[in-house]
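Just so you know, the protein sequences line up as chains A and Y, in that order.
Note that the numbering used here gives residue 17 to position 17 of the first sequence, counting from 1, and the numbers run on in steps of one.
Note that the numbering used here gives residue 1194 to position 194 of the second sequence, counting from 1, and the numbers run on in steps of one.
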Amino acid sequence: MTPTGQRSLVLILARDLATSLATPVFVVDEVGDLVFYNEAAGEVFGRPFVEGETMRAEEWGTAFAQTDEDGRPLGPEAIPLWTAFREQRPAHRHLVITGVDGVRRRLSVTAFPLYARADEFVGALAVFWETSGDA
Amino acid sequence: MRLRIWGCRGSLATPGPDTVRYGGNTSCIEVRLADGSLVILDAGTGIRPLGLSLEGSGLRRIDLLITHLHLDHLEGLGFFPPLWDPSIELHIWGPVSPMQSLRERIATYLSPPLFPVHLSDVPSQVVFHDAPDDEVRIGSARVLSQPIIHSGPTVGYRLEEGGRILAYLTDHEPAHGADLRRAAPEWVSGFSIAQGADLLIHDCQYTEEEYPAHVGWGHSSTAHVTDFARMTKVGRLVLFHHDPMHADDELERMVARVRELAGTAFDVDLAREGMEIVLR
Chain A
1 MTPTGQRSLV
11 LILARDLATS
21 LATPVFVVDE
31 VGDLVFYNEA
41 AGEVFGRPFV
51 EGETMRAEEW
61 GTAFAQTDED
71 GRPLGPEAIP
81 LWTAFREQRP
91 AHRHLVITGV
101 DGVRRRLSVT
111 AFPLYARADE
121 FVGALAVFWE
131 TSGDA
Chain Y
1001 MRLRIWGCRG
1011 SLATPGPDTV
1021 RYGGNTSCIE
1031 VRLADGSLVI
1041 LDAGTGIRPL
1051 GLSLEGSGLR
1061 RIDLLITHLH
1071 LDHLEGLGFF
1081 PPLWDPSIEL
1091 HIWGPVSPMQ
1101 SLRERIATYL
1111 SPPLFPVHLS
1121 DVPSQVVFHD
1131 APDDEVRIGS
1141 ARVLSQPIIH
1151 SGPTVGYRLE
1161 EGGRILAYLT
1171 DHEPAHGADL
1181 RRAAPEWVSG
1191 FSIAQGADLL
1201 IHDCQYTEEE
1211 YPAHVGWGHS
1221 STAHVTDFAR
1231 MTKVGRLVLF
1241 HHDPMHADDE
1251 LERMVARVRE
1261 LAGTAFDVDL
1271 AREGMEIVLR
């Protein structure tokens, strides 16, 4: 958020891009709050995005109930979006998550940090690819 | 704060009998502050006659706030007489680019083959500044800029003086990033620049019928500018950046349409060359 209370233009454009994509996309801001996910991501997550609702990093970091492909539980640091936000670097891995609707899905997730300028971190974006049906 | 519009045409200078009422010069606005300081918004072809009007004024400092580096906002700079006056300190403010400095980008235009003289050979004292993310003071005004949706690095400017606010968003397509009737204000490009402005000078390049063929070109329609002005709760809206394909009669139909859409929410005018506005 800028000093004037407005979202960075990069986040506005990231959200616009996400809105236009059929691929699940999640967007977090510079403090890690989940500020937007698109309709396709709503299906993965198990509930649609509600305007104005944000979720703190500590919440979304555990909301997916993520495991590795063998079913072993993983901490939030295993989520590429967490890495992109916390360490401000790109990340990719395979995960199995359970959305809030209780459905398990096998996913390939890519996340990367968003910089408005070389030194201005404004958030991160993650793309979830469902690699098969139910896990 | 006293304004005079020297150019309000978008994209391309468009002289001729069809544009004589609203003018064919591209973007340039003179802003006189209460302390006598001169701020100029953009350096389209309108800056040439503005520069001529300054001869003998005794000014030593001019601040030129450029929204972006498209030619219609820059092409007049080489013909701005103060640029060639060694006694003038010309402060040029413009958007940050991740690739090149403001000086480098302007030098691309002010150098052969596009221009006969190199920027480095200009006799005035030119000082370059990144458009301010944080508020800065220029003369007696507080100035803020913010990146806005257009093609390429572009900013909008907000000038505050004596409690009056001018917002200038000349090339802007907020509808490209959000549904202006439903989006939360924090998610709308340009909102914090325009919020509560006494005067909003804003892009209105297209009719509602023309816009679908120009999505992503960085400009607004009559409906979008109305929604944006209503959302930002401005006092007065001046439609700016007239499409070079729009003759005077078409522009008058467009302002009538915006007035119809706006109702009594705010005053609406059409920018024209020579128009003067006083904010006091």
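Just so it is clear, CB atoms sit at the ideal spot from N, CA and C, and this is done for glycine as well.
The count of Cβ pairs closer than 8 Å, one atom from the stretch 1195-1214 of chain Y and one from the stretch 1158-1165 of chain Y, reaches three, so the stretches are in contact. Between the stretch 1071-1085 of chain Y and the stretch 1119-1128 of chain Y there are three or more inter-stretch CB-CB distances shorter than 8 Å, so the stretches are counted as touching. Using beta-carbon distances, A/E39 does not count as an interface residue toward chain Y, since no partner is under 9 Å.
At a cut-off of 9 Å between beta-carbon atoms, A/R56 makes no contact with chain Y.
Annotation: A/Y37 to A/T54 spans about 10 Å, alpha carbon to alpha carbon. Here Y/S1053 is exposed: its Cβ has fewer than 16 other Cβ atoms, across all protein chains shown, within 10 Å. For A/T110, same chain residues with a beta-carbon under 8 Å away, outside a window of 5 residues either side, are P80, P90, A91, H92, A126, V127 and W129 in chain order. In this structure, A/G123 and A/L9 do not form a Cβ contact; the two beta carbons are roughly 12 Å apart against a cut-off of 8 Å. Of the other Cβ atoms in all chains shown, fewer than 16 fall within 10 Å of the Cβ of Y/M1099; this residue is therefore exposed.
Residues A57 and F85 of the same chain have their beta carbon placed closer than 6 Å to that of A/G32, with the five preceding and five following residues left out of the count. Its chain contains G1024, N1025, T1026 and T1045 as the residues whose beta carbon lies nearer than 7 Å to that of Y/A1013, once the 5 sequence neighbours on both sides are disregarded; these appear in chain order.
Nearest in C-alpha terms to Y/I1066, of all of Y/W1084, Y/G1058, Y/P1086 and Y/H1091, is Y/H1091. For A/L21, no CB of chain Y lies under 9 Å from its own CB, so it is not counted at the interface with that chain. Rounded to the nearest whole angstrom, the C-alpha separation of Y/Q1195 and Y/E1276 is 22 Å. The stretch 1030-1112 of chain Y contains, as complete beta strand (DSSP E) runs of 3+ residues, the segments 1038-1041, 1061-1065 and 1089-1094 (chain order). With respect to the 9 Å criterion, Y/G1010 and Y/H1241 are classified as neighbours on the basis of their beta carbons. Excluding the 5 residues flanking it on each side, Y/H1118 has same chain C-beta neighbours closer than 6 Å at S1111, in chain order. Counting C-beta atoms within 10 angstroms of its own C-beta, Y/S1220 has 16 or more neighbours from the protein chains shown and is therefore classed as buried.
For a Cβ distance threshold of 7 Å, residue set I12, L13 and D16 of chain A lies close to Y/G1177, ordered along the chain. The closest CA to that of Y/I1040, considering only Y/P1086, Y/W1084, Y/V1143 and Y/D1134, is found on Y/V1143. Between Y/A1175 and Y/H1224, the C-beta gap is smaller than 9 Å, which places the two residues in contact.
Around A/G52, the beta-carbon contacts reaching into chain Y at under 7 Å are A1184.
Put simply, the backbone Cα of A/A18 is about 14 Å away from that of A/P48. Between Y/H1172 and the set Y/V1127, Y/R1181 and Y/Y1157, the nearest pair of CA atoms involves Y/Y1157. In this structure, the alpha-carbon of Y/V1136 lies about 21 Å from that of Y/I1088.
In terms of Cβ geometry, Y/L1279 and Y/L1003 form a close pair [threshold 9 Å]. Residue contact with chain Y for A/G5: present (Cβ-Cβ distance below 9 Å to some residue of chain Y). In this structure A/H94 is exposed. Its beta-carbon is surrounded by fewer than 16 other beta-carbon atoms within 10 angstroms. The C-alpha of Y/G1152 is placed about 8 Å away from the C-alpha of Y/S1097. Among the bridge pairs identified by DSSP, Y/C1028 is matched with Y/G1007.
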